[in-house]
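S.K.:
Chains as they are written, first to last, in our numbering: chain E, 1 to 605; chain W, 1001 to 1419.
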């Protein structure tokens, strides 16, 4: 044993225990692995690490509505009125199949959105990378609100306080002045074309003649906003220098309130008014505020979806207000995204933007815009050349307008928008809601969301909302109440408590709502019923003929009825007949768009 | 050495061989060719990115296309020029916020990762702002950040004007005739008096349909021309070319300027091309204003095509010049090769053919060998009847504003016009 202990050449198998050998082998393997890994890291030069890091960055920077880093697809939010023409031009651009240097296909996808919503969404993480509102006013408003969000500190910290901007590379691709559109016979009564007609004459006519029906869209659209600004200017006796103090002066507000009380209803943009004119003709409106383009489109009958324009329909003419008007200047601008948690527009999307901007301002696209009734941004295109819709007509005049009103700063525009809610024509609206058994589940939940959205959109201090919930009979009848915050909260609580059961007694619910509105005797307000059902009428005591008869006989108060067919099982014929009898509109809705539809209808009030 | 030690030494050697071989493989694979050695990187091509102010952008872009078509090389490397259009003030704001990503003073290019170096690929090689004072303001901003100038004022890389233009009155002829009949001449003072006429155009002898006198001034937050117009108005108000902060804060002057700016119809314009707006919306938005001569000349044909009334030009007593300096960025973010390529493009812009081409855009050549009527297509020849003058009369040039004057004007604008 002693000899064995002293031997220096003992075989290693006998010098280490089995555990020690295992450890040694493991250490050797570990060392080799470390070396190989080290070599790999060196040879790849950190590329692997970068790839991993970029994966995580991508993960971090991928909010909802994000796009791939090499995307060349540009989504453009566009005003609803321009959307059909814009879509056609985008299709033409897409067919050109232009490619980016890395081979991606340049594609433009328009998304119709009211300018107000464009601004709202652009402040967050919008699904679009560019926007084309009907007026630069909205871009200004966006910049102003963006600067507020960024805070004054950022600007003050900079040596040169030129603020960071939310939009860039704006171009204009078309223009159209805002005009008073009237039937030719109405315009002649007002003095057109022999003398200049102004905002004040329209407003005077509206206040003096109870049969004179006119309209301007809500302030969510350029034409509505500009018409409202014109009222504030007229009320203040100015054509420039409108300030918050002047806009909120009681005398100005009184004037605006008096004029607004003559508005038949507000509503969406020009496209819907045109559709209604096509359907109802002279009975619908005598005059309305819109872009000059609408006159050309109507008179040529060329507007998309206007196959119903009667061949013998009277001409519309554009009255360029004597005090001055404003322009819809149709900008197209890129959004400078890329804030915290926000995906920036890719280099390829920027290339698509540039290419599309170039396409929109090309001679061919500009001539198409001219044919659609817009004034092209390309100054080489003459408006009075042969074939131009401005040539050989007195319905529009390319030499006009002679003067414009001053566009107030964005802060004043916001004041006007806010104050308008206090001056607009008040609304009494009854929501008639089907909660029969077939509404159970998702349908009822979507409806409740839509109703909550509707209620939150009604913001006028004199606006009142009521609720009629029905199944086999009327389950709940909430009378009209002004939309104070407490009343609104209570109404929303009632909406939240709705339960689906029973059959469908739509007509009975409508009769009760109609009777109730007649009983209020409130002729100053816009009185309306918004009725929604998902099924067939099968339980009412009254029939449609009773309702129609009643509507004809009882007209102390003018009540407009909107009807909504929710889903494919609704009785569309009946709902269309009700809307026709109630001088309102019929709309279809599904689970995905019912909230949006209720929001749209709310703009009528 | 016992056997165990030999084994460990062997493993260590194997590891060193693996690492060494990997390093050699990496160097070879990166260079792509053993001819260039292991450390020297020679680019296959270079791109010169030129931030270009809007009034000269069409001309510079056209020149860049012509330059690129010559397949230029610098030090044997092919070069291409890329134009990035940006208003001078916007660019200044972006330099000031370091939006382009200039490196801090204590960071070297070699310290950056590949990804960080790649992020600099869009860094501007050169800048053509509207006026030299914008370069000085950008330098002041970087001096505070880096302790040195980033654009040089002397030496080979100094800022050099590539073309020039000045601010002139552009007024619709029908309106100009009424103003001249009423006031005798067109100056900031008479424009102010027209602007404050309570009865509008009828009081001045004009058509009632024209409404009030409407002035066109670019939004100074979006267009360097807006600041130039306000400084020119101040110059005429005080009768001198050098305007101080004290001048601008004088309550009487501020009241006068407020009245003048109160006649501007639209500061909300999305576009920085105010002369283009002027043409697009015609006399409905502006009866007249002091705008860049080249912009007015470029839009003259459009105005004649679109509106009944032509435009006429009048030269003011106090003249503001824009000198459009070509300025090379001197930081490590761009290579020496790119800087030299930028100089090559600058020389191309100053060449006689390109200077003659500038005449077609209504820009006055910086190269003294080229006269304003050197080309038959020169807008200075085409629009002589509309009042354009090859030789500027009565030139008292306004001095460029310093930073304090610029800030005071912007502050005043924000408080009195924007708000």
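Glycine included, each C-beta is placed from N, C-alpha and C at the ideal position.
1) Measuring only the C-alpha atoms, how far is residue 277 (chain E) from residue 317 (chain E)?
2) Does the segment 268-287 of chain E come into contact with the segment 349-369 of chain E, if we say contact requires no fewer than three beta-carbon pairs (one atom in each stretch) closer than 8 Å?
3) Helix, strand or coil: how does DSSP classify residue 107 (chain E) here?
4) Hey, how far is the Cα of residue 403 (chain E) from the Cα of residue 1281 (chain W)?
5) State the Cα-Cα distance for the pair residue 572 (chain E) and residue 566 (chain E), rounded to the nearest angstrom.
6) Can you tell me whether DSSP reads residue 56 (chain E) as helix, strand or coil?
7) Closest to residue 260 (chain E) by C-alpha separation, out of E:244, E:280, E:275, E:235, would be which residue?
8) Along the segment 187-219 of chain E, what residues have a CB closer than 7 Å to any CB found in chain W?
9) Measure from the alpha carbon of residue 580 (chain E) to the alpha carbon of each residue in E:551, E:569, E:401, then state which is nearest.
10) Please classify residue 282 (chain E) as buried or exposed, where buried requires at least 16 neighbouring CB atoms within 10 angstroms.
11) Would you mind reading off the limits of the beta strand (DSSP E) that contains residue 1165 (chain W)?
12) Give me the Cα-Cα distance between residue 1337 (chain W) and residue 1344 (chain W), rounded to the nearest whole angstrom.
13) Output needed for residue 1235 (chain W): all residues of its chain with C-beta closer than 7 Å, excluding positions within five of it in sequence on either side, in chain order.
14) Strictly under 9 Å for the Cβ-Cβ distance: is residue 1177 (chain W) near chain E by that measure?
15) Any beta carbon from chain A within less than 9 Å of residue 380 (chain E)'s own beta carbon?
16) With a CB to CB cut of under 7 Å and the five nearest residues on each side skipped, what residues in its chain are close to residue 48 (chain E)?
17) Do you know how far the Cα of residue 337 (chain E) is from the Cα of residue 1097 (chain W)?
18) I'd like to know if residue 1210 (chain W) contacts chain E, where contact means its C-beta is closer than 9 Å to some C-beta of that chain.
19) Using 9 Å as the threshold, is the C-beta distance between residue 77 (chain E) and residue 121 (chain E) below it?
20) If you reduce the DSSP assignment to three classes, tell me which class residue 413 (chain E) lands in.
21) Which value, in whole angstroms, describes the spacing of the CA atoms of residue 1211 (chain W) and residue 1200 (chain W)?
22) Can you tell me which of the three DSSP states residue 461 (chain E) falls into?
23) Pull out every residue of the segment 1051-1070 of chain W whose Cβ sits closer than 9 Å to any Cβ of chain E, in chain order.
24) Report yes or no: is there a C-beta of chain W within less than 9 Å of the C-beta of residue 371 (chain E)?
25) Can you list, in chain order, the residues of its chain with a C-beta nearer than 6 Å to that of residue 1139 (chain W)? Leave out the 5 residues immediately preceding and following it.
26) Just to check my reading of the structure: residue 591 (chain E) and residue 442 (chain E) have Cβ atoms closer than 8 Å, yes? What is that Cβ distance to the nearest angstrom?
27) What are the start and end residues of the beta strand (DSSP E) that includes residue 1327 (chain W)?
28) Which residues does DSSP pair with residue 1314 (chain W) in a beta bridge?
29) For residue 1202 (chain W), which residues of its own chain have a beta-carbon under 8 Å away from its beta-carbon, when the five flanking residues on both sides are left out?
30) Within the segment 227-306 of chain E, note down every full alpha helix (DSSP H) run reaching 4 residues or more, in order along the chain.
31) Flag residue 1308 (chain W) as yes if its beta-carbon sits less than 9 Å from any beta-carbon of chain E, otherwise no.
32) Beta-carbon of residue 499 (chain E) versus every beta-carbon of chain W: anything under 9 Å?
33) Name the two residues that bound the continuous beta strand (DSSP E) containing residue 1042 (chain W).
34) Secondary structure at residue 1151 (chain W), three-state DSSP: helix, strand or coil?
35) Name the two residues that bound the continuous beta strand (DSSP E) containing residue 1289 (chain W).
36) Counting contacts by CB-CB distance shorter than 9 Å, is residue 1299 (chain W) in contact with chain E?
M.R.: From the atom records:
1) Their backbone Cα atoms lie some 14 Å apart in a straight line.
2) Touching, no, given that fewer than three Cβ pairs across the two stretches are closer than 8 Å.
3) When DSSP states are grouped into helix, strand and coil, residue 107 (chain E) belongs to the strand group.
4) Residue 403 (chain E) and residue 1281 (chain W) have their C-alpha atoms some 10 Å from each other.
5) Residue 566 (chain E) has its alpha-carbon roughly 9 Å from the corresponding atom of residue 572 (chain E).
6) In this prediction, residue 56 (chain E) has a pLDDT of 32, which is less than 50 and means its spatial position is unreliable; what the coordinates show is noted afterwards. In this structure, residue 56 (chain E) counts as helix in the three-state DSSP scheme.
7) Closest by C-alpha distance to residue 260 (chain E), out of E:244, E:280, E:275, E:235, is E:235.
8) Here the close residues are 196.
9) By alpha-carbon distance to residue 580 (chain E), the top candidate from E:551, E:569, E:401 is E:551.
10) Residue 282 (chain E) is exposed by the Cβ-count criterion.
11) Judged by DSSP secondary structure, residue 1165 (chain W) falls within the beta strand (DSSP E) whose first and last residues are 1163-1172.
12) Rounded to whole angstroms, residue 1337 (chain W) to residue 1344 (chain W) spans 10 Å at the Cα level.
13) Contacts found: 1241, 1243, 1318, 1398.
14) By this cut-off, residue 1177 (chain W) is not an interface position.
15) The structure shown contains no chain A; its protein chains are E and W.
16) Confidence in residue 48 (chain E) is poor, its pLDDT being 37 and thus under 50, which makes the residue's placement unreliable; the coordinate value appears in the next sentence. No residues qualify anywhere along the chain.
17) C-alpha separation (whole angstroms): 16 Å.
18) Taking 9 Å as the threshold, the shortest C-beta distance from residue 1210 (chain W) to chain E falls below it.
19) Residue 121 (chain E) is positioned such that its CB atom lies closer than 9 Å to that of residue 77 (chain E).
20) Residue 413 (chain E): helix per DSSP, three-state reduction.
21) Their Cα atoms are separated by approximately 6 Å.
22) Per DSSP, reduced to three states, the secondary structure at residue 461 (chain E) is coil, with no helix or strand assignment.
23) Residues passing the 9 Å Cβ filter: none.
24) It does not: the Cβ of residue 371 (chain E) has no partner Cβ on chain W nearer than 9 Å.
25) Once the five neighbours on either side are set aside, the close Cβ partners of residue 1139 (chain W) are 1149, 1151.
26) About 6 Å separates the Cβ atoms of residue 591 (chain E) and residue 442 (chain E), confirming a contact at the 8 Å cut-off.
27) Counting along the chain, the beta strand (DSSP E) containing residue 1327 (chain W) begins and ends at 1325-1328.
28) Per the DSSP secondary-structure output, residue 1314 (chain W) pairs in a beta bridge with W:1169.
29) Leaving aside the five residues that flank residue 1202 (chain W) on each side, the residues in its chain whose CB is nearer than 8 Å to its CB run, in chain order, 1208.
30) Runs of the alpha helix (DSSP H) inside the segment 227-306 of chain E: 244-247, 250-260, 270-280, 292-300.
31) By this cut-off, residue 1308 (chain W) is an interface position.
32) Output row for residue 499 (chain E): interface = no.
33) For residue 1042 (chain W), there is no enclosing beta strand (DSSP E), since its DSSP letter is neither H nor E.
34) Here residue 1151 (chain W) carries a coil assignment [DSSP, helix/strand/coil].
35) Its beta strand (DSSP E) spans residues 1288-1292.
36) With 9 Å as the cut-off, residue 1299 (chain W) counts as an interface residue toward chain E.
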